[in-house]
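First the structure, in the form of structure tokens, and then the observations on it.
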Amino acid sequence: MTTTTAPHAGERELLPTATPAQTRAAVRELARPHRPAALGGFAVLTVSTGVGLLTAPILGHIIDLVAGGRPADAITVPVAWLAAIAVVQGVTAAVGVSLIARLGEGMLATLRERFVERALRLPLERVERAGSGDLTSRVTNDVSVITNAVRDAMPALARSLLTIALTLVGLAILDWRFLLVALVAVPIQAHTVRWYARRAVPLYTAQRVAVGAQQQQLLDTVGGASTVRAFRLADEHVHLVGTRSRAAVDLALRGVRLVTRFYSRLNLAEFAGLSAVLVTGFLLVRGGDASVGVAGAAALYFHSLFTPINIALGLADDAQAAVSGLARLVGVAGAAAPPLPAPPAALPPAPASTPVPAPALPTAPAVRVRGVEYAYRPGHPVLHSVDLDIAPGERVALVGTSGAGKTTLARIVAGVHRPAAGSVTVDGVEVCGPDPATTGRSVALVTQEVHVFSGPLADDLRLARPEADDDELRSALELVGALEWARALPEGLDTVVGENGHRLTPAQAQQLALARLVLADPPVAVLDEATAEAGSAGARLLEASAAAAVAGRTALVVAHRLTQAAAADRVVVLDGGRVAEIGTHAELIRAGGGYAALWEAWSDDREPRPGGPVGLPRQG
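The structure is reproduced here in structure tokens:
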């Protein structure tokens, strides 16, 4: 599906928004499996509306009976009919509204599932460019608006449209002249709707974007609260939050003013139409072409149109907001995968600066990186023509100073980022190929930022392998050294963990992530500073857990501590986005290059100090 991209919010490239044609096509596709429910619901509502329209003629008949001086008992039967009509209409309306609501809920559930599925498959770099606020505003605000429209607006709109259509038929049956003059209101209403739609669509779209920018700013400020306080940036961030909030509020107030003007124009249409019907009724009664009861029924019919017409046209307000939100959901749910980058014309030669030649590798490496380049911003490359081969079962450590490109390269190998040039293959299959399913289970990434999902610990582990039994869960925990503390939890594997339950320590959360890695059992694992959150106290334990988790797998490890590099089969030193050195730990130490200098500085920093603990290692 081709989608339009919403304009930038600040410097962020927002996620796609579907065009009106794509949104309509998506709605038709969502409705197709629910056609029987739709037809049944509309049929029952038609019966309900038709029965309800009998009320005005019966009331007109009662008027004629009273005007003709008939005795009081003459109205007994008409009143009984009114009671029966009320009962039948109430029952059928409840059934019809229920069927229409179930139709909407089914469509919305399918859309939610597609949205979540597609959102989870979006390239992380694409989400990062848009900002998490854009995605969360679609999941929360847009879904909430659409849900309200589905639960309330759809049934009300269906009833209103049926009431309008059948009431106009009733007016024609009474006298075609009543129908003709009733149409006086239509030009005013049509002009009002067109006037409103032209202004509402861009306004509500801008409002959704503004709310997304507001949420993004809140997330940035709250998520980086410690940094904001440390650099005394609180006033600046409060100002930014206030600016984003004022922009969203201003757009909301513009929407309120627009709705107020909309309803005032509808009231003018009601006044014009009812006046025309009353004048026509007066003329027809005076000319003997209609009775007082018929004229009264016509006036009641037109007056009964006020509510459904106002509901139908008023729902244009909810509809515009819902359509804007729906387009944003459909834009993500139907977003096409980004095109593959063009492979380089020829493989670039190995960097000349490599002081130690790489050992001989098998001819078919498990992971092959060729000519990879990447830039977060145009003109500011982070990686420059990186080549790397990782043999099956080999563990390679990435080392370098901050900003050298270690994390970027690790995420490209994991398929999170797509290289601007070059390619990454796992056993000959493109990591960022057109079918993510071909590589989605081949490479797993574990970072230092671990999320513990709220719920039983067993369910959290089964995210990696839903069919795993309790014994397999315990085996995975035991392998990474986490079984002891897991058994000590109040309810063992059934203990609720996460934000709403038992809080795990950073080291325990990281072991949980490593246990998931074991359960997922990918042939290739990428660890991006996966032991950084443990602190020096738990470093050895967590490093042992990581080593056990990747044992027997091809692994690329961004080394937070140089002990991880020393234990690896090979070490790759990155400097300024280029491969500076490749070799074993011992080879690089003997070479006396940049890695040897890092090791010496790191070792010196860990020497015991008089009267104090062992120094903390430097982070590189």
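If you're matching positions, the sequence shown starts at 939 in my numbering and goes up one per residue.
Where is the CB? At the ideal position from N, CA and C, for every residue including glycine.
Residue interval of the beta strand (DSSP E) (run including residue i)
i, result
"Arg1508", "Arg1508 to Asp1513"
"Thr1030", "Taken as a continuous stretch (DSSP letters only), Thr1030 belongs to no beta strand (DSSP E), being part of the alpha helix (DSSP H) at Thr1014 to Arg1059."
"Pro1316", "Note, Pro1316: premise wrong, no beta strand (DSSP E); not H, not E."
"Arg1565", "No answer is possible for residue 1565: the residues shown for the chain start at 939 and end at 1558."
"Thr1345", "That residue, Thr1345, is in no beta strand (DSSP E); its alpha helix (DSSP H) goes Lys1344 to Ala1352."
"Ala894", "There is no way to answer for residue 894, as the model of the chain reaches only from 939 to 1558."
"Asp1466", "Val1462 to Asp1466"
"Ala1359", "Ala1359 to Val1364"
"Leu1383", "Val1381 to Thr1385"
Inter-residue spacing [alpha-carbon to alpha-carbon] between residue i and residue j
i, j, result
"Pro1276", "Ala1057", "For Pro1276, the predicted model reports a pLDDT of 44, less than 50, meaning its position is unreliable and no value from the coordinates is stated."
"Ala1091", "His1175", "39 Å"
"Glu1405", "Val1334", "31 Å"
"Leu1191", "Arg1146", "14 Å"
"Ser1392", "Val1035", "36 Å"
"Ala1087", "Gln1152", "23 Å"
"Thr1376", "Arg1195", "Note that Thr1376 scores 49 on pLDDT, short of 50, meaning its location in the model is unreliable; the coordinates nonetheless yield the value given after this. Whole-angstrom Cα-Cα distance: 53 Å."
"Leu953", "Pro1140", "17 Å"
"Leu1457", "Asn1079", "35 Å"
"Gly1430", "Trp1423", "9 Å"
"Ala1110", "Ser1202", "28 Å"
"Ile1001", "Phe1244", "22 Å"
"Ala1493", "Ser1340", "21 Å"
"Gln1446", "Ala1426", "12 Å"
"Val982", "Ala969", "18 Å"
"Gly1231", "Ala1032", "31 Å"
"Ala1094", "Thr993", "20 Å"
"Leu991", "Val1025", "13 Å"
"Gly1162", "Gln1154", "12 Å"
"Glu1538", "Thr1501", "12 Å"
"Gly1044", "Gly978", "15 Å"
"Leu1516", "Ser1361", "Checking the displayed sequence, the identity of residue 1516 turns out to be Arg instead of Leu. Rounded to whole angstroms, Arg1516 to Ser1361 spans 16 Å at the Cα level."
"Thr1101", "Arg1076", "34 Å"
"Asp1408", "Arg1400", "10 Å"
"Ala1497", "Glu1467", "6 Å"
"Glu1055", "Gly1514", "37 Å"
"Pro971", "Ala1453", "40 Å"
"Ala956", "Ala1503", "47 Å"
"Ala1485", "Ala963", "50 Å"
From the options, residue whose alpha carbon lies closest to that of residue i
i, options, result
"Pro1428", "Ile1520, Ile1038, Leu1442 and Gln1154", "Leu1442"
"Asp1432", "Val1464, Ala1420, Asp1397 and Pro1461", "Asp1397"
"Val1131", "Leu1204, Leu1401 and Gly1211", "Leu1204"
"Ala1348", "Ala1329, Thr1385, Pro1319 and Gly1028", "Thr1385"
"Arg1137", "Leu1189, Ala1010, Val1122 and Thr1105", "Leu1189"
"Pro1246", "Leu1421, Arg1499, Ala1103 and Arg1059", "Ala1103"
"Gly1317", "Ile1350, Ala1358, Arg1306 and Arg1308", "Ala1358"
"Thr936", "Gly1515, Val1261, Ala1135 and Ala1185", "This structure leaves residue 936 out entirely; the chain is present only between 939 and 1558."
"Val1305", "Ala1468, Val1081, Ala1463 and Val1418", "Ala1463"
"Ile1350", "Arg1170, Val1029 and Arg1308", "Arg1308"
"Pro1444", "Arg1400, Gly1269 and Val1388", "Val1388"
"Ala1236", "Leu1073, Gly1219 and Thr1165", "Gly1219"
"Leu1251", "Gln1127, Leu1264 and Arg1097", "Gln1127"
"Pro1107", "Phe1240, Leu1037, Ile996 and Ser1229", "Pro is not the amino acid found at residue 1107; the sequence shown has Val there. Among Phe1240, Leu1037, Ile996 and Ser1229, the Cα nearest to that of Val1107 is on Phe1240."
"Val1083", "Leu1450, Leu1536, Leu1267 and Ser1323", "Leu1267"
"Ala1096", "Ile1249, Val1166 and His1523", "Ile1249"
"Ala1135", "Gly1193, Gly1226 and Val985", "Gly1193"
"Thr1522", "Val1337, Ser1098 and Glu1437", "Val1337"
"Ala1186", "Ala1148, Glu1416 and Val1324", "Ala1148"
Assigned exposure category for residue i - 16 Cβ within 10 Å defines buried
i, result
"Gly1343", "buried"
"Ser1483", "buried"
"Ser1541", "exposed"
"Pro1009", "exposed"
"Gly998", "buried"
"His1177", "exposed"
"Arg1199", "exposed"
"Pro958", "exposed"
Terminal residues of the alpha helix (DSSP H) in which residue i lies
i, result
"Gly1180", "Ala1172 to Arg1224"
"Ser1229", "From DSSP, Ser1229 is part of no alpha helix (DSSP H); its letter is neither H nor E."
"Asp1398", "Leu1395 to Arg1400"
"Ala963", "Pro958 to Ala969"
"Phe980", "Arg973 to Gly990"
"Arg1137", "Ala1123 to Gly1161"
"Leu1003", "Thr993 to Ala1005"
"Ser1082", "Val1081 to Asn1086"
C-beta neighbour in chain C for residue i, strict 9 Å
i, result
"Ser1361", "The chain inventory of the structure shown lacks chain C, comprising one protein chain alone."
Any non-hydrogen atom of the ligand ATP closer than 8 Å to residue i Cβ
i, result
"Leu1264", "What this structure holds is no ligand at all, so the ligand ATP is not there to describe."
Notebook entry, point to check: Of all the alpha helix (DSSP H) runs that stay within the bounds of the segment 1402–1449, which reach a length of 4 or more residues?
Noted result: 1408–1417 and 1421–1425
Notebook entry, point to check: Which parts of the segment 1476–1539 are runs of the alpha helix (DSSP H), unbroken and 4 residues or longer, counting only runs that do not cross its ends?
Noted result: Correct list: 1477–1488, 1500–1505 and 1523–1529.
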